[in-house]
Ligand SMILES: NC(=O)c1ccc[n+]([C@@H]2O[C@H](COP(=O)([O-])OP(=O)(O)OC[C@H]3O[C@@H](n4cnc5c(N)ncnc54)[C@H](O)[C@@H]3O)[C@@H](O)[C@H]2O)c1
Ligand SMILES: [Zn+2]
């Protein structure tokens, strides 16, 4: 069995490790014990992940000498609410958690965001360990310190920054994901590769990643993604500049996601958005020639869509509602070539042209 890879992350508030490997749940307790000085570990999970992995996580924490308590929330984005957040806080208080204890988020991005936000606010902040169980949460949401819940007015509108004290990404957990949820994470993986890693992009194009891929390849790809996100976040923890490049594919991707009524997965929409924007920026001469085709091929190899049939007006309407909009322009991330991108202030007129040029080109592999 291959050795786990530990990626070291340095931030202004704390330094921590992201450990990526196979069958790590059995050593979770020891790892938590080494990373934090806690008496009790309070595990937050959801109704899909709990039955699969909670017992193993609790047993390991218990063996390491930690007292344990847990809450299992209903699964799904529709439960990333104030109600669930309140339930976590009540259960933490009920378990007698103090500032010296730790929250362990065992699940995908929904659990990670909610448990992180609960940890950030309980008694003005206690430590959190992230144990991401989806590909998306391993490569994206568990690293970087953003936590949030949804409110009626918008997704992720209420949140806080809290860097984890440790991230344990056990790729064995990926085997129980549905193929769709796995592929959703691949949308962000391709985005990262386009942003910052031409070698990874080349490898993925040749050798798509699936749940059955051998574990050392999965570990390597997840670790490479963690490094990419770490390096971007390290220079811009609070999202004022470079971190915006992580929104590559998201201006149009989010718009497609919202216009679909959130029926399509985020990563699928990001892949489609990435292809749409690149087709357009290539035609405008902002991206190198041939880039769109290369990105389309990579997405198709992962089983990801490369376009959307949603009407241009709907995409534009949603894109200009984007919360990162400044006045009459949006900050659009333009991939200039594989491994390089730039944030470009784009007028609404230009954005309209981009949607026209890049979206709804009638290709078969489109979201509708
Ligand atoms: N904080 C950040 O920086 C950041 C970044 C990106 C996304 N996010 C957030 O992440 C969330 C999306 O994350 P996600 O895609 O992981 O969604 P998710 O947490 O809803 O997980 C997807 C589904 O898979 C199930 N699941 C999770 N792990 C499983 C496993 N190992 N086996 C079987 N089923 C499993 C879940 O119960 C759920 O039904 C969104 O709320 C998004 O806003 C946050
Ligand atoms: Zn995203």
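Numbering (the working numbering), first residue to last: 92 to 459. Positions of the beta carbon are idealized from the N, C-alpha and C atoms, including for glycine. Here the structure is a predicted model, which is why all the values come from computation and not from measurement.
With a CB to CB cut of under 7 Å and the five nearest residues on each side skipped, what residues in its chain are close to residue 321?
Closer than 7 Å at Cβ, skipping near neighbours: 98, 100 and 234.
Can you tell me whether residue 218 is buried or exposed, with buried defined as 16 or more other CB within 10 angstroms of its CB?
Per the 10 Å Cβ criterion, buried.
Does the beta-carbon of residue 144 have 16 or more other beta-carbons within 10 angstroms, so that it is buried, or is it exposed?
Buried: at least 16 other Cβ atoms inside 10 Å.
Ligand 1 and residue 201: does any heavy atom of the ligand fall closer than 7 Å to the residue's C-beta?
Yes.
For residue 164, name the three-state secondary structure that DSSP assigns.
DSSP places residue 164 in strand when its eight states are reduced to three.
From the DSSP output, which residues share a beta bridge with residue 107?
Answer is 100.
Could you check whether residue 110 and residue 70 sit closer than 8 Å to each other, using their CB atoms as the reference points?
Given that the chain is displayed from residue 92 to residue 459, the structure contains no residue 70 and the question cannot be resolved.
Between the stretch 200-214 and the stretch 291-304, do at least 3 Cβ pairs fall closer than 8 Å?
Taking 8 Å as the limit for Cβ pairs, the verdict is that the stretch 291-304 does not touch the stretch 200-214.
Could you spell out the range, first to last residue, of the alpha helix (DSSP H) harbouring residue 374?
Note, residue 374: alpha helix (DSSP H), 357-374.
So, helix, strand or coil for residue 385, using DSSP?
It is helical.
Near residue 279, what residues of its chain come up, given a Cβ to Cβ distance below 7 Å and the 5 sequence neighbours on each side ignored?
If we look at residue 279 and ignore the five residues flanking it on each side, its Cβ neighbours are 227, 230, 231, 358 and 361.
Give a single yes or no on whether residue 361 has its beta carbon closer than 7 Å to a heavy atom of ligand 2.
At least one heavy atom of ligand 2 is nearer than 7 Å to the Cβ of residue 361, so yes.
Is there at least one non-hydrogen atom of ligand 2 closer than 7 Å to the beta-carbon of residue 108?
Not so, every heavy atom of ligand 2 lies at least 7 Å from the Cβ.
Given a threshold of 16 other Cβ atoms within 10 Å of its Cβ, counted over all protein chains shown, does residue 156 qualify as buried or as exposed?
That one is exposed.
Return the first residue and the last residue of the beta strand (DSSP E) that residue 150 is part of.
Premise fails: residue 150 lies in the alpha helix (DSSP H), 146-154, not in any beta strand (DSSP E).
Is DSSP giving residue 137 helix, strand or coil here?
Strand at residue 137.
If you draw a straight line from the alpha carbon of residue 159 to that of residue 268, how long is it in whole angstroms?
The alpha-carbon atoms of residue 159 and residue 268 are separated by roughly 26 Å.
Rounded to whole angstroms, what is the Cα-Cα separation between residue 340 and residue 447?
Those two C-alpha atoms are separated by around 16 Å.
Flag this pair as touching only if the stretch 381-395 and the stretch 430-447 have three or more C-beta atom pairs under 8 Å; answer yes or no.
No: the two stretches stay apart, fewer than three of their Cβ pairs being nearer than 8 Å.
Helix, strand or coil: which one does DSSP assign to residue 401?
DSSP places residue 401 in coil when its eight states are reduced to three.
Could you tell me whether any non-hydrogen atom of ligand 2 is closer than 7 Å to the CB of residue 341?
Within the cutoff, so yes.
Measuring straight from C-alpha to C-alpha, what distance separates residue 378 and residue 419?
Rounded to the nearest angstrom, the two C-alpha atoms are 23 Å apart.
Quick check: the Cα distance between residue 130 and residue 120, rounded to an integer number of angstroms?
In a straight line, the C-alpha of residue 130 is about 12 Å away from that of residue 120.
Assuming residue 118 contacts residue 93 under a Cβ cut-off of 8 Å, what Cβ separation, rounded to an integer in Å, is found between them?
The pair is not a contact, with the Cβ atoms about 15 Å apart (cut-off 8 Å).
Would you call residue 283 buried or exposed, if buried means 16 or more other Cβ atoms sit within 10 Å of its Cβ?
It counts as buried.
From this set, 348, 178, 332 and 154, which residue's C-alpha is nearest residue 436's C-alpha?
Among 348, 178, 332 and 154, the Cα nearest to that of residue 436 is on 332.
What does residue 240 pair with, by DSSP beta-bridge criteria?
Partner(s): 249.
Have a look at 102, 223 and 342 and flag the residue whose alpha-carbon is nearest the alpha-carbon of residue 140.
Per the Cα distances, 223.
Between which two residues does the beta strand (DSSP E) carrying residue 261 extend?
257-261 is the span of the beta strand (DSSP E), which, as asked, contains residue 261.
Could you compute how far the alpha carbon of residue 190 sits from the alpha carbon of residue 172?
Going by the C-alpha atoms only, they are around 24 Å apart.
Among 185, 398 and 123, which has the Cα closest to the Cα of residue 256?
Checked all of 185, 398 and 123; the closest Cα to residue 256 is 123.
Would you grab the beta carbon distance between residue 137 and residue 180 for me? Rounded to a whole angstrom, and I think it's under 8 Å.
No, residue 137 and residue 180 are not in contact; Cβ-Cβ is about 17 Å, not under 8 Å.
CB-CB under 7 Å to residue 386, same chain, minus the five flanking residues each way: which ones, in chain order?
Excluding residues within five positions, the ones whose Cβ falls inside 7 Å are 285, 365, 366 and 369.
Indicate whether residue 251 and residue 204 have their beta-carbon atoms separated by less than 8 Å.
Not in contact: residue 251 and residue 204 (Cβ atoms no closer than 8 Å).
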